[in-house]
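Residue numbers (the working numbering): 163 to 409. C-beta: ideal position from N, C-alpha, C; glycine also. Taking it in order: structure first as structure tokens, then the write-up.
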């Protein structure tokens with residue numbers, strides 16, 4: 163597959179990986195789903211998800227280490243405790259559905275994230291232990307099927323009162339473990355070949371410098387700018403995945 167893609171396209175993928183790494187470092191999310199959207203046009207969405215699962219392990223590891231002091235470990239532990247079982251279930255379901263259905267799920271999930279986020283902002287949601295547990299279980303099911311489920315989890319993490327730096331560190335830690343679980347399921351169910359694994363590893367390594375650069379951008383960014391960027395990217399990705407579903 164990588165040989166069939168050709169060197170020029172591989173170079174374009176490498177540039178995209180760096181830029182989405184920069185985006186991920188700046189926003190704490192979105193980079194993975196943007197890169198998955200790009201790869202879906204090259205290798206298909208069913209292959210793009212396992213590739214990005216591998217890539218995001220490396221990307222999230224680098225950001226988890228960058229923000230280790232800011233991470234809220236009690237929140238991360240609760241999210242993973244309640245989300246891990248449904249992550250496994252979601253990853254198994256992913257292996258059994260069609261590429262068109264995967265694209266539809268991506269589009270539906272991103273569309274649903276808009277009212278969830280704006281409802282949370284208007285009501286100044288305060289996330290208690292029970293709310294976080296329920297949200298984590300739903301997030302886990304989404305996480306098994308799509309790239310970028312942080313869009314759903316974000317308002318509940320922010321509802322605990324954390325600032326954007328703690329948010330990025332906590333989300334990076336949570337999604338690191340989530341992607342390790344997903345890759346394990348994909349490996350057991352033969353959804354990822356060695357070729358896809360190495361492509362994902364290469365993409366992940368290329369994103370790391372972008373993550374570091376994005377950290378500097380994030381520190382100088384206002385919370386309102388952060389939210390605006392996420393909203394614009396969400397809208398763009400909805401359009402992209404609707405296109406993939408109907409083409």
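**Prompt:** To the nearest angstrom, how far is it from the Cα of residue 305 to the Cα of residue 174?
**Reply:** 27 Å
**Message:** Let me make sure I understand the geometry here. Which of 328, 264, 213 has the alpha-carbon closest to that of residue 364?
**Reply:** 213
**Prompt:** Are residue 323 and residue 229 closer than 7 Å when you measure CB to CB?
**Reply:** no
**Prompt:** Rounded C-beta distance between residue 319 and residue 329? I'm assuming under 8 Å.
**Reply:** 6 Å
**Request:** With a 10 Å radius around its C-beta and 16 neighbouring C-beta atoms as the bar for buried, classify residue 258 as buried or exposed.
**Result:** exposed
**Request:** Tell me whether residue 349 is buried or exposed, calling it buried when 16 or more other Cβ atoms sit within 10 Å of its Cβ.
**Result:** exposed
**Item:** Selected residue, minimal CA-CA separation from residue 293, among 391, 274, 240, 313
**Value:** 240
**Request:** Can you grab the Cα-Cα spacing for the pair residue 303 / residue 297, in whole Å?
**Result:** 10 Å
**Request:** Buried or exposed for residue 268, please, with buried defined as at least 16 other CB atoms from any protein chain shown within 10 angstroms of its CB.
**Result:** buried
**Rounded distance between the beta-carbons of residue 309 and residue 133, thought under 8 Å** = Look at the range of the chain in this structure, 163 to 409, and you will see that residue 133 is not part of it.
**Asked** Distance, Cα to Cα, residue 165 vs residue 171?
**Response** Confidence is the limiting factor: at residue 165 the pLDDT is only 47, short of 50, which leaves the residue's position unreliable, though a coordinate-based value still follows. Going by the C-alpha atoms only, they are around 10 Å apart.
**Prompt:** Quick one: what does DSSP say residue 396 is sitting in, helix, strand or coil?
**Reply:** helix
**Message:** Output needed for residue 206: all residues of its chain with C-beta closer than 7 Å, excluding positions within five of it in sequence on either side, in chain order.
**Reply:** 261
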